[in-house]
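Everything below concerns the one structure shown next.
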Amino acid sequence: MAARRARRRSVLGVIGFAALSYGAAAIGTLAMRGRGRPKGLWYRLLRKPSYQPPAAVFGPVWTILYGTIAYSGWKIWKAERSTARTAALGMWGVQLVLNGAWTPLFFGARRPRLALLDIIALDLAAAGYTAVARRVDVPAARAVVPYLGWLGFATVLNSRIVAETPSALLR
1 MAARRARRRS VLGVIGFAAL SYGAAAIGTL AMRGRGRPKG LWYRLLRKPS
51 YQPPAAVFGP VWTILYGTIA YSGWKIWKAE RSTARTAALG MWGVQLVLNG
101 AWTPLFFGAR RPRLALLDII ALDLAAAGYT AVARRVDVPA ARAVVPYLGW
151 LGFATVLNSR IVAETPSALL R
């Protein structure tokens, strides 16, 4: 009976972490509808670096990354209670909030400069999460390494857009 309860709790936990992670993605998707669309005029007018991937790449990449974020958070949540576990879960939440804020800032509000500040904070929060998570569960920390790499690349893209686009488009 206890094993069944533990399994049920674990399944509910993984569903919860997946819902939180993909919920952050859904916020971004909603922010891109209407005036913030990547195919819209405002976005097309931004000066993007030549190494920016096609728009079709971002959806599949982020779908996978949100899965790894959820898996990592769930693994930490399942770990034995400790100060490090509590800190890691807190940092997991902070990085997810910052992640969820970037797309509405960049696309919805059309504020690439503010989005750049957000993604820099996100880089720090995700790196901090990974460092603390490593003390709790090494596979959980390793699961988000591709996320860290993609965030670094996204930060470079955001910074190049801010640097190369006329100020009138940046607000």
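Residue numbers (the numbering used here): 1 to 171.
Where a beta carbon is used, it is the ideal one built from N, C-alpha and C, also for glycine.
DSSP places Gln-52 in no alpha helix (DSSP H); its state is neither H nor E.
Assignment of Arg-44 by DSSP, reduced to helix, strand and coil, places it in the helix class. Ala-115 is positioned such that its CB atom lies closer than 8 angstroms to that of Leu-105. In terms of CA proximity to Val-136, Arg-81 leads the group Pro-146, Gly-149 and Arg-81. By the neighbour-count criterion, in which a residue is buried when 16 or more other Cβ atoms sit within 10 angstroms of its Cβ, Trp-42 is exposed. Between Leu-65 and the set Asn-99, Ala-131 and Ser-167, the nearest pair of CA atoms involves Asn-99.
For Leu-96 and Ala-24, the gap between their C-alpha atoms comes out near 7 angstroms. Inter-residue distance for Phe-17 and Leu-124 is about 21 angstroms (C-alpha atoms, whole angstroms). Take Arg-134, set aside five residues on each side of it, and the residues of its chain with a beta-carbon closer than 6 angstroms to its own are Ala-141, in chain order. Per the C-alpha coordinates, the member of Thr-103, Leu-117, Leu-157 and Ile-69 positioned closest to Pro-139 is Ile-69. The C-beta separation of Arg-160 from Pro-49 comes to about 4 angstroms, placing the pair in contact by the 8 angstroms criterion. Judged by their CB atoms, Ile-119 and Thr-155 are nearer to each other than the 8 angstroms cut-off.
In the three-state reduction of the DSSP assignment, Lys-39 falls in the coil class. Out of Leu-30, Tyr-22, Arg-171 and Ile-76, the CA that lies nearest to the CA of Arg-113 is found in Arg-171. Beta-carbon to beta-carbon, Trp-92 and Tyr-129 are separated by about 5 angstroms, close enough to satisfy the 8 angstroms threshold. Judged by their CB atoms, Gly-28 and Thr-103 are nearer to each other than the 8 angstroms cut-off. For the 8 angstroms CB-CB criterion, Leu-148 and Ala-131 do not form a contact. Shown here for Arg-47: same chain residues with a beta carbon closer than 7 angstroms to its own, the five before and five after excluded, namely Ile-161, Glu-164 and Thr-165 in chain order.
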